[in-house]
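S.K.:
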Amino acid sequence: MSQLDCLWEYQQTELELAKLKKDMKSSAAYQKRGKLYKLLVEQQEIINGYETEIKEHTEQIASMESQLNSLLHDYDLENSELEIMQNDDESTAEELTEARKSIEKLVGRINGLNRELSKLIAWCDEISDSVTKTYAKASRAKRDYDAVRTVCDAEKDSFMPKIDALTKQLEQQEAKIPPELMNRYKSLKKNYLTPIAKVINGQCGGCYMMLSSVQEKKVAAGNQIIQCENCGRLLFM
Ligand SMILES: [Zn+2]
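For the sequence shown, the tail end lands on 240 under the working numbering, and the numbers increase by one without skipping.
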């Protein structure tokens, strides 16, 4: 068997293997698994986004709560001071007004903080609702994914013996081909599904270009590697 015969057989095995893998990946279960996988990744990204936002808001709430506690503490303090001043004959009306104003200011700040806190807490409630819904959606998708994966695994099990056999066959066929020729084949493979083409009726079987009679004779002689002048495929007869 010539080098080109071996290479032709190698190409046939390669095509058969590619078709088998394509058949395996085109099953309904395989396609569904791909879609569900994508959906699961999307849900996970959404949940991660929510978690980051929740963390930021939780930190904000904690900081506001500590501000609020400190204001409430000041409020208590100033209130007791006012009480003492009210019972003290030496306190002037001006001093009492000042103290009351200061307390009013504090109350204003406390109310403002309370409003912001309420808004943040409402946001958290809303977002936790979204998280729950996303989790439910993801868990349904995960259940479907697991079910379809079982089907895919069973399908794969039925394909694998043949795929393994063809892979082994490819290795054995490659061993019979000189590395230099194999490299030319693999380099052409980047552009063509079939880097080696049969000459049929004087035409390149890859691009259907007519060969010159000289070229055709060279291919027929079979003692050198001839490439199609048009597409560059290795020619074989
Ligand atoms: Zn050609």
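Even glycine gets a Cβ: it sits at the ideal position worked out from N, Cα and C.
Count Cβ pairs between the region 132-139 and the region 90-106 that sit closer than 8 Å; are there 3 or more?
M.R.: As far as the Cβ criterion goes, the region 132-139 does not touch the region 90-106, which means the pair count is below three.
S.K.: Taking just the CA atoms, how far does Asp79 sit from Arg103?
M.R.: If I take the Cα positions, the gap works out to 13 Å.
S.K.: Could you check if Ala200 belongs to the surroundings of ligand 1, using beta carbon to heavy atom distance under 8 Å?
M.R.: Yes; taking the cut-off as 8 Å, the Cβ of Ala200 has a heavy atom of ligand 1 nearer than that.
S.K.: For the alpha helix (DSSP H) containing Tyr120, list its first residue and its last residue.
M.R.: The amino acid occupying residue 120 in the given sequence is Leu; Tyr does not appear at that position. Where Leu120 is concerned, the enclosing alpha helix (DSSP H) stretches over 96-178.
S.K.: Using a Cβ-Cβ cutoff of less than 7 Å, which residues in the same chain neighbour Ser30 once the five nearest sequence positions on both sides are dropped?
M.R.: Same-chain partners within the cutoff: Glu158.
S.K.: Whether or not the region 172-185 and the region 46-62 are in contact is what I'm after, with contact meaning three or more pairs of Cβ atoms, one per stretch, closer than 8 Å; do they touch?
M.R.: Because the criterion of three Cβ pairs below 8 Å is not met, the region 46-62 and the region 172-185 do not touch.
S.K.: State yes or no: is the C-beta of Gly205 nearer than 8 Å to some heavy atom of ligand 1?
M.R.: The answer is no for Gly205.
S.K.: Flag this pair as touching only if the region 56-63 and the region 36-43 have three or more C-beta atom pairs under 8 Å; answer yes or no.
M.R.: Counting Cβ pairs under 8 Å, fewer than three are found: no touch.
S.K.: Go to Leu7, then tell me how far its alpha helix (DSSP H) extends in each direction, as first and last residue.
M.R.: Residues 6-28.
S.K.: Does the pairing of the region 180-189 with the region 67-86 give three or more beta-carbon distances under 8 Å?
M.R.: Too few Cβ pairs lie closer than 8 Å, so no.
S.K.: Looking at Thr197 and Gly208, is the spacing between their C-beta atoms short of 9 Å?
M.R.: Yes, the Cβ-Cβ distance between Gly208 and Thr197 is below 9 Å.
S.K.: Can you tell me which of the three DSSP states Ile228 falls into?
M.R.: Three-state DSSP puts Ile228 in coil, outside helix and strand.
S.K.: Looking only at its own chain, which residues have a Cβ that is under 8 Å from the Cβ of Leu99, when we skip the five neighbours before and after it?
M.R.: Leu85, Met88, Gln89.
S.K.: Evaluate Arg118 with the Cβ neighbour count: other Cβ atoms within 10 Å of its Cβ, from every protein chain shown; 16 or more gives buried, anything less gives exposed.
M.R.: Answer is exposed; the Cβ neighbour count stays below 16.
S.K.: Assuming contact is defined by CB atoms lying nearer than 9 Å, are Phe239 and Ala178 in contact in what I supplied?
M.R.: Contact flag unset, no.
S.K.: Starting from Leu85 and walking both ways along the alpha helix (DSSP H), at which residues does that stretch end?
M.R.: From DSSP, the alpha helix (DSSP H) with Leu85 extends over 31-89.
S.K.: In the structure shown, what three-state DSSP assignment does Lys201 receive?
M.R.: Three-state result, Lys201: strand.
S.K.: Determine, for Tyr188, whether the minimum Cβ-Cβ distance to residues of chain C falls below 9 Å.
M.R.: In summary, chain C is missing from the structure at hand, where a single protein chain is found.
S.K.: Starting from Leu214, follow the beta strand (DSSP E) in both directions and report where the run begins and ends.
M.R.: Per DSSP, Leu214 belongs to no beta strand (DSSP E) and is neither H nor E.
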